Amino acid sequence: MDLRVEGLSHRYDDLEVLRDINLEINAGEIVCVIGPSGCGKSTLLRLLGGLEQPSEGQVLQVGEPPAGSLNPLTYVFQDFALLPWRSVEGNVSLVLEGHRLSAAETEARIADVLERTRLSDFRKAVPKQLSGGMKQRVAIARALSVNPAVLLMDEPLSALDSQTRELLMDDLIDLWERERFTSCYITHNLAEAVRLGHKVVVLSRRPGIVREVVEIDMPLKERTLSNPVVAGIQQQLWDMMREEAQAADVELAG
Amino acid sequence: MADVTAGGTAPAAPQTETRPVRFRGGGFLPKPRRAIGFLTFAVLLLAWEAGSRTGVIPALVLPAPSEAWEAFMDLLNSGNLQKHLAASLYRLFLGFTCGTILGLIVGTAIGLNSYARSALAPLVSAIFPIPKIALLPLFIIWFGIGEGSKVATILFGCFFPTVIATYGGIDSVDRALIRMGQSFGLSRWHIIRKIVLPAALPAILSGMRISASISIILLVAAEMIGAEYGIGAYVLLAGNLMSTDQLIAGVAMLSVFGLTVNYLITLAERRFLAWRN
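Chains as they are written, first to last, in this note's numbering: chain S, 1 to 254; chain C, 1 to 277.
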């Protein structure tokens, strides 16, 4: 299933946040959206998944979601959004409970996603016992359990320290290599964008418009820290964003 | 103090004073010391008993604890204790349970629905501060002099604190969790039952602590009017007859009621809120 964004604009009262966004998210690719803070990245993601209604334009699902998909558009949040009173498996089963799955299928889905995120040994742990990186892996497992057509990731690594971020980025790449998921990945971190994105969409500062779409035609596996091409693209993105970020930085909150 | 040479190899001047850094952290963290609580009770009771025996406390002013204990044993042996307790516990249980359930329903409605909030929240604020004892005569007219008015008094007494605690708790539920539920397509009912109410539970339980105490107070007040049996009736009768030993025995029973209810809620907190620690 693809996701197509057509002429999307959004404003909160008088504050224009997004202007005329056109975007394609094709099956099997990760589209990273970067932009200075306050440019409407997160709003765009909420619009994509139907958590908010656009002022103008529309978001279209193209094609059918994969068989067995319980929730085609599924989010991974920056703050994990785990229920603190439920265990790891309880947090995953929460999103399966309303779908009248057989006990065997529920168990199979939980076991599968926990295995893929290497959390099988921590089924009974509660969020409080887990590190930030593990919490986010639980959230990713929860998202994968509904077999989404498109994963909508809202700065999923921003709440983590830089070492954990590296580890989790490797995990995401492994997950993608094993089973190619489709994703829209919001971040303000250029390194994440160039490591994970098949396409990097650069938004301007508010009101956010698409300044540039950079296609990165290199297998995710090869994009190591020391790769000069990756570094070059990151520099290129930064040159593009620098002024916008500077201007956004001195803007007063409206 | 001015000696900031790195490495520590610099020959210190012989007259330089060295001393360990003074500890100034710690404190402000009271820990429960169980034994001390019991000890306080024991010391107080012993002093009281001794005072009564030696005549420092005249028997008319305050009977000795041992006399109150005897009055309690008389009550137990006469077989009336069971009747009083049964009557009181029945009213307390019925009033508290119904009031709490209704309070939870209305509190949840106020917490989640704009119309319910606009319509009911001001009403609750207006009625909550009215002492329900003042309404007892009305309740007697409405619900009869029998059990109805007594249960209704307790019910109203714990309804309002529960409503306020519930919608306060729901207001402070992390909206990110609710967004998460919506983003996974959970039904409204599932979001309420599996996300909103568990997250509001700490506030609801501390509201229950308050409403339980209120219901014990109201129980006695209600039983002082036209009740044959019940701890309140017993205390009232004792007061009218100036038999202060019975009065103390009755009041002590009420205190034990309160402690028991408090303990039960603590158990519930430990069971249901274990995830907080």
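Yeah, the Cβ is synthetic: ideal placement off N, Cα and C, and Gly gets one too.
Keep in mind that this is a model prediction, so the values were computed, not measured.
TODO: Could you confirm whether any beta carbon from chain S is found closer than 7 Å to the beta carbon of Ala2 of chain C?
DONE: In this prediction, Ala2 of chain C scores a pLDDT of 49, lower than 50, which makes its location untrustworthy; the coordinate-derived value is nonetheless stated afterwards. It does not: the Cβ of Ala2 of chain C has no partner Cβ on chain S nearer than 7 Å.
Task: Three-state secondary structure assigned by DSSP to Gln53 of chain S - done: coil
Task: Residue interval of the alpha helix (DSSP H) (run including Arg117 of chain C) - done: Ser114 to Ile127
- [ ] Give the DSSP bridge partners of Tyr327 of chain S, in chain order.
- [x] Given a span of 1 to 254 for chain S in the structure shown, any question on residue 327 of chain S remains unanswerable.
TODO: Check the Cβ-Cβ distances between Leu177 of chain C and every residue of chain S, and say whether any is below 7 Å.
DONE: yes
- [ ] Kindly indicate which three-state DSSP category Lys150 of chain C falls into: helix, strand or coil?
- [x] helix
- [ ] Please report how far the alpha carbon of Gln58 of chain S lies from the alpha carbon of Ser37 of chain S, in whole angstroms.
- [x] 24 Å
Task: Nearest neighbour of Gly207 of chain C, chosen from C:Phe96, C:Arg22 and C:Gln15 [CA to CA] - done: C:Phe96
Open item on the list: Can you give me the C-alpha to C-alpha distance between Val113 of chain S and Ser204 of chain S, rounded to a whole angstrom?
Closed with: 36 Å
- [ ] Please state if the CB of Ala221 of chain C and the CB of Ile133 of chain C are separated by a distance shorter than 7 Å.
- [x] yes
Task: CA nearest to the CA of Met1 of chain S, picked from S:Ile186, S:Ala248, S:Arg180 and S:Glu251 - done: S:Arg180
Open item on the list: Using DSSP's beta-bridge definition, name the partner residues of Gln58 of chain S.
Closed with: S:Glu6
Task: C-beta atoms of Ala71 of chain C and Asp245 of chain C nearer than 7 Å - done: yes
Task: Residue of S:Ala141, S:Cys184, S:Glu212 and S:Ser55 minimising C-alpha distance to Gly90 of chain S - done: S:Ala141
Task: Residue burial classification, Ala87 of chain C (beta-carbon count within 10 angstroms, cutoff 16) - done: buried
TODO: Answer with yes or no whether the minimum CB distance from Leu281 of chain C to chain S is below 7 Å.
DONE: Because chain C is modelled from 1 through 277, residue 281 of chain C falls outside the range shown and cannot be assessed.
- [ ] Establish whether the CB of Trp238 of chain S and some CB of chain C are separated by less than 7 Å.
- [x] no
TODO: Helix, strand or coil for Asn26 of chain S, going by three-state DSSP, please let me know.
DONE: coil
Open item on the list: Between Asp112 of chain S and chain C, is any beta-carbon pair separated by less than 7 Å?
Closed with: no
Open item on the list: When you compare the CB of Met180 of chain C with every CB in chain S, is at least one pair closer than 7 Å?
Closed with: yes
TODO: Could you name the residues that DSSP lists as bridge partners for Leu73 of chain S?
DONE: S:Val150
Open item on the list: Quick check on Trp189 of chain C - is its C-beta less than 7 Å from some C-beta in chain S?
Closed with: no
TODO: In angstroms with no decimal places, state the Cα-to-Cα distance between Val5 of chain S and Arg46 of chain S.
DONE: 13 Å
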